[in-house]
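Engineer:
Chains as they are written, first to last, in my numbering: chain A, 1020 to 1445; chain B, 1020 to 1445.
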């Protein structure tokens, strides 16, 4: 069989990528409902527990993710206690599955179990849906793999009290558009991954009147209000559903080299590419060597990078938009100019500037969007992801935060697969 | 009488200015109450109407300020209609006085009349108080000199319904510290004069739980919430009371050349200087030649600059902090770098950087604070003020916004007066 000429395929790829990026930019995500995972998430069963990142076996999971699975199993009544979970997983009485295989995303451990409430976000342009849990906040929380009695108590509050209220709020508002919140957030110092302080405030402002107009006992409305107001990361999971929709729109464009997902299960880092279907191109998940650690912790204590949240960078926010968040300059290892340099570098490996998200200090230049695996491999510039670090073994939860780079190996594997598929000469 | 040697006086001035600036930085403003102007504002009487800027006669007032005085007189029942006000003012049945002479400040026309509710802000370090009205929002509002029936209706709502609720909120909260809101606002793109979007959201977030916990009928609480949420300038007047307290702290420091007030009555621009008591150094108020005008309006339609709000620049926010608000770069006649250049220039005429307000994109360099009349006169760099433009004659209200510069003449007059007082050789 003969190989295709390089010049011809390059044109095909450029056209395909232009189409893929057009699809990303055309998505209009709106939070349309709050539902139980079992009812809403495709393929969900009562004994399934979803996790972040590419599919992974129980034995290969990092400590934090295993703890989170145990916590969810106890929360669901699938296991009498945390220790009983090993056996149940090994005997397939508890099934593990990857969020991305269920239209879902979750930050850090990213656990979703059957009775958990999920945010339902819809791309009103295509009708496609994406799902995530509500963000639990800080402390001993499942998404950090830190499970205590308070963790389960909080999950029950979220399921039994908070979610039903939020479902009514979303219905009363007739849906909550996501981009407009993020576009304002970007004007207010959020990069929309590790910093969502402004976006969360804007969301809170939008929901307050509907919330207090529901006719609920006022103390119940206040508890819901405080749950959001007390967590500056509340909007993170909503952003992730929107980013998931944006990147799902670009899936399966023939000949496209645009990255449609980056995700980590705490052991492996995987990427998916538009023209290469649902295959994950995998490498060991990197450590955050230069992260800022909480007092008492060092890089030695950290687990490898984890979470579906890199879907945010996949669509050009978070680390790609760090110039919009000067308060995160310490992540960049220096000052504001180092942050600008990162955003500029991400421009080298992407296809367009997203006009919806103008970075104020760059005279409203859009965020760099549409990672092209060819550009990553050619330049060696790796996608820069704003992330957090979980403890590798103690269940302490989050111990630091910083920048991590997607492994080169994921992109080189993908480009090889792309070449093989198109029978390209080396 | 012999003249003092220049070298000696320069040292005295530097010491005095260091003391004045230390006083500015030591102020800790907290909103402690909401009260009726007649009860709270020093020297207020039922027939007094306070206005922005240096003292001015009725006949010399600009059209917008006259309209606002007429509106307030009708609101107070001092006059049967707007036209009757001329005669009442001329016969002294209505007395006019300058806000600054009453510990008060108001944006644009700055009108305060006896029954209006005022924000009472206290410097908890010294116990001093300052006052302003609540911000009315946009449209046909007294602070823009636009008076219609809706204007009076809104003032009555603010007095009879909104203010009593806010008084309870402030009491329940035990006071609302101002600097912490502005310090966060600066991180979120506010320069804290023409842009208060983030600060207002933060304030709103802080008051929501107390507001809905008061036991009020929920529709009343919602009306109060919506009044704040619907006005991204709501926090402006609170900022002004805090800035007034900061600059009052620096008054009457012997030998100090620090500016303690800049203010405009729509006809004249006046400044006060610490070592020169309460004298206003006056020049004609400038026009905003390069402002951005609303469709249908040009610089031809604008009145000269107006309002006490330049107290914000006097303490180093607003125009001095414009680098913190890239969304206002169009004010600066260009892009973000032009905004940075303005903030840097303001550093040339000021004494310190205020560590409370770090500008994110300048690696958290503090805002330039403590204008020194010597530096203004020596460098010719004029204080840059973010302002708005009112219509000169039609009562249309605000027709544009942009930057204005404090007149050189105010500073040259002040330095002459300073020289005379100290018998300095030319």
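Note that CB positions come from ideal geometry on N, CA and C, so glycine has one too.
Would you mind sorting residue 1356 of chain A into buried or exposed? The rule is 16 or more other CB atoms within 10 Å of its CB.
Structural biologist: Mapped onto the first chain, residue 1356 of chain A falls at position 337. Exposed is the call here.
Engineer: Within its chain, find whatever has a CB closer than 6 angstroms to the CB of residue 1438 of chain B; leave out the 5 residues flanking it on each side and keep chain order.
Structural biologist: On the second chain, residue 1438 of chain B is found 419 positions in, with the first residue counted as 1. Nothing listed; no residue qualifies.
Engineer: In chain order, which continuous runs of the alpha helix (DSSP H) of length 4 or greater are located wholly inside the stretch 1333-1402 of chain B?
Structural biologist: For the stretch 1333-1402 of chain B, whole alpha helix (DSSP H) runs of length 4 or above, ordered along the chain, are 1355-1367 and 1392-1398.
Engineer: Grouping DSSP H, G and I as helix and E and B as strand, with all else coil, what is residue 1055 of chain A?
Structural biologist: Against the first chain, residue 1055 of chain A aligns to sequence position 36. Residue 1055 of chain A: strand per DSSP, three-state reduction.
Engineer: How is the alpha helix (DSSP H) around residue 1177 of chain B delimited, first residue to last?
Structural biologist: Position 158 of the second chain, counted from the first residue, corresponds to residue 1177 of chain B. Segment: none, residue 1177 of chain B is in no alpha helix (DSSP H) and carries neither H nor E.
Engineer: List, in chain order, every chain A residue whose beta-carbon is nearer than 9 angstroms to that of residue 1379 of chain B.
Structural biologist: The count along the second chain starts at 1 and reaches residue 1379 of chain B at position 360. Neighbours of residue 1379 of chain B on chain A, chain order: 1208, 1344, 1345, 1346, 1348, 1355 and 1380.
Engineer: Have a look at residue 1289 of chain A and residue 1075 of chain A and give me their C-alpha separation to the nearest angstrom.
Structural biologist: Taking the first chain and counting its residues from 1, the one referred to as residue 1289 of chain A is at position 270. Taking the first chain and counting its residues from 1, the one referred to as residue 1075 of chain A is at position 56. Approximately 11 angstroms, taken between the alpha carbons.
Engineer: Could you check whether residue 1161 of chain B and residue 1130 of chain B sit closer than 7 angstroms to each other, using their CB atoms as the reference points?
Structural biologist: Counting from one through the second chain, the residue named residue 1130 of chain B turns up at place 111. Counting from one through the second chain, the residue named residue 1161 of chain B turns up at place 142. Yes, the Cβ-Cβ distance between residue 1130 of chain B and residue 1161 of chain B is below 7 angstroms.
Engineer: Start and end of the beta strand (DSSP E) containing residue 1221 of chain B?
Structural biologist: Taking the second chain and counting its residues from 1, one reaches residue 1221 of chain B at position 202. Note, residue 1221 of chain B: premise wrong, no beta strand (DSSP E); alpha helix (DSSP H) at 1216-1231.
Engineer: For residue 1230 of chain A and residue 1260 of chain A, what's the separation of their Cα atoms in angstroms?
Structural biologist: The count along the first chain starts at 1 and reaches residue 1230 of chain A at position 211. The count along the first chain starts at 1 and reaches residue 1260 of chain A at position 241. Their Cα atoms are separated by approximately 22 angstroms.
Engineer: Alpha carbon to alpha carbon, how far is residue 1114 of chain A from residue 1152 of chain A?
Structural biologist: On the first chain, residue 1114 of chain A is found 95 positions in, with the first residue counted as 1. On the first chain, residue 1152 of chain A is found 133 positions in, with the first residue counted as 1. Distance between the alpha carbons of residue 1114 of chain A and residue 1152 of chain A: 19 angstroms.
Engineer: Name, in chain order, the residues that DSSP records as bridge partners for residue 1152 of chain A.
Structural biologist: Here residue 1152 of chain A refers to the residue found at position 133 when the first chain is read from its first residue. Beta-bridge pairing links residue 1152 of chain A to A:1137.
Engineer: Among A:1226, A:1172 and A:1210, which has the Cα closest to the Cα of residue 1189 of chain A?
Structural biologist: Taking the first residue of the first chain as 1, we reach residue 1189 of chain A at position 170. That would be A:1226, whose Cα lies nearest to the Cα of residue 1189 of chain A.
Engineer: What do you reckon, are the CB atoms on residue 1358 of chain B and residue 1331 of chain B nearer than 7 angstroms?
Structural biologist: Taking the first residue of the second chain as 1, we reach residue 1358 of chain B at position 339. Taking the first residue of the second chain as 1, we reach residue 1331 of chain B at position 312. No, the pair does not count as a contact, with Cβ atoms beyond the cut-off.
Engineer: Does any residue of chain B have a CB that is nearer than 7 angstroms to the CB of residue 1435 of chain A?
Structural biologist: Mapped onto the first chain, residue 1435 of chain A falls at position 416. Closer than 7 angstroms: no.
Engineer: Mind reading off the beta-carbon distance from residue 1125 of chain B to residue 1071 of chain B? Whole number of angstroms is fine, and I expect it under 8 angstroms.
Structural biologist: Here the question's residue 1125 of chain B lines up with position 106 in the second chain. Here the question's residue 1071 of chain B lines up with position 52 in the second chain. At roughly 5 angstroms, the Cβ-Cβ gap stays under 8 angstroms, so residue 1125 of chain B and residue 1071 of chain B are in contact.
Engineer: Determine which residues of the stretch 1210-1222 of chain B have a Cβ less than 8 angstroms from any Cβ of chain A, and write them out in chain order.
Structural biologist: Those would be 1216, 1217, 1220 and 1221, in chain order.
Engineer: Taking 7 angstroms as the CB-CB cut-off, is residue 1227 of chain B touching chain A?
Structural biologist: The residue you call residue 1227 of chain B lines up with position 208 of the second chain. Closer than 7 angstroms: yes.
Engineer: Can you have a look at residue 1185 of chain B and say buried or exposed, based on whether 16 or more other CB atoms are within 10 angstroms of its CB?
Structural biologist: Along the second chain, read from residue 1 onward, the residue named residue 1185 of chain B stands at position 166. The residue in question, residue 1185 of chain B, is buried, as its Cβ has 16 or more Cβ neighbours within 10 Å.
Engineer: Helix, strand or coil for residue 1207 of chain A, going by three-state DSSP, please let me know.
Structural biologist: Taking the first chain and counting its residues from 1, the one referred to as residue 1207 of chain A is at position 188. It is coil, neither helix nor strand.
Engineer: Go ahead and pull the three-state DSSP assignment for residue 1197 of chain B.
Structural biologist: For the purposes of this step, residue 1197 of chain B is identified with residue 178 of the second chain, where counting begins at 1. In this structure, residue 1197 of chain B counts as coil in the three-state DSSP scheme.
Engineer: Strictly below 7 angstroms CB to CB, what residues from chain A border residue 1248 of chain B?
Structural biologist: Position 229 of the second chain, counted from the start, is the residue given in the question as residue 1248 of chain B. Residues of chain A passing the Cβ test: 1224.
Engineer: In angstroms, rounded to a whole number, what distance separates the CA positions of residue 1422 of chain B and residue 1367 of chain B?
Structural biologist: On the second chain, residue 1422 of chain B is found 403 positions in, with the first residue counted as 1. On the second chain, residue 1367 of chain B is found 348 positions in, with the first residue counted as 1. Those two C-alpha atoms are separated by around 18 angstroms.
Engineer: Could you check what DSSP says for residue 1170 of chain A in three-state terms: helix, strand or coil?
Structural biologist: Your numbering for residue 1170 of chain A matches position 151 in the first chain. Reduced to three states, the DSSP call for residue 1170 of chain A is helix.
Engineer: Please list the segments of the beta strand (DSSP E) lying wholly inside the stretch 1261-1320 of chain A, counting only runs of 3 or more residues, in order along the chain.
Structural biologist: Qualifying beta strand (DSSP E) stretches, in chain order: 1278-1284, 1287-1292 and 1300-1303.
Engineer: In its own chain, which residues sit with a C-beta less than 6 angstroms from the C-beta of residue 1383 of chain B, not counting the 5 before and 5 after it?
Structural biologist: In the second chain, the residue the question calls residue 1383 of chain B occupies position 364. Taken in chain order, the residues that qualify are 1377.
Engineer: Are residue 1364 of chain B and residue 1404 of chain B close, meaning C-beta to C-beta below 7 angstroms?
Structural biologist: Taking the second chain and counting its residues from 1, the one referred to as residue 1364 of chain B is at position 345. Taking the second chain and counting its residues from 1, the one referred to as residue 1404 of chain B is at position 385. Not in contact: residue 1364 of chain B and residue 1404 of chain B (Cβ atoms no closer than 7 angstroms).
Engineer: Does any residue of chain A bring its CB to less than 7 angstroms from the CB of residue 1237 of chain B?
Structural biologist: Along the second chain, read from residue 1 onward, the residue named residue 1237 of chain B stands at position 218. Chain A, which has a Cβ nearer than 7 angstroms to the Cβ of residue 1237 of chain B, makes this yes.
Engineer: Closer than 7 angstroms, CB to CB, is residue 1181 of chain A near chain B or not?
Structural biologist: Numbered from 1 along the first chain, position 162 holds the residue referred to as residue 1181 of chain A. Not an interface residue.
Engineer: Could you tell me whether the Cβ of residue 1300 of chain B comes closer than 7 angstroms to any Cβ of chain A?
Structural biologist: Here residue 1300 of chain B refers to the residue found at position 281 of the second chain. Not one chain A Cβ lies under 7 angstroms of residue 1300 of chain B.
Engineer: Using a Cβ cut-off of 7 angstroms (strictly closer), state whether residue 1241 of chain B contacts chain A.
Structural biologist: One-based indexing of the second chain puts residue 1241 of chain B at position 222. Yes, because at least one Cβ of chain A sits closer than 7 angstroms to the Cβ of residue 1241 of chain B.
Engineer: Once you ignore the five residues that flank residue 1045 of chain B on each side, which residues in its own chain have a CB closer than 6 angstroms to its CB?
Structural biologist: Here residue 1045 of chain B is taken as the residue at index 26 of the second chain, counted from 1. 1144, listed in sequence order.
Engineer: Taking Cβ-Cβ distances below 8 angstroms as the criterion, which residues of the stretch 1182-1202 of chain A are in contact with chain B?
Structural biologist: Those residues of the stretch 1182-1202 of chain A that come within reach of chain B (Cβ to Cβ, closer than 8 angstroms) do not exist; the list is empty.
Engineer: For residue 1253 of chain A, would you say it is in contact with chain B, using Cβ-to-Cβ distances shorter than 7 angstroms as the test?
Structural biologist: Position 234 of the first chain, counted from the start, is the residue given in the question as residue 1253 of chain A. Not an interface residue.
Engineer: Determine the extent of the beta strand (DSSP E) in which residue 1068 of chain A is found, giving its start and end residues.
Structural biologist: By 1-based counting over the first chain, the position of residue 1068 of chain A is 49. From DSSP, the beta strand (DSSP E) with residue 1068 of chain A extends over 1067-1070.
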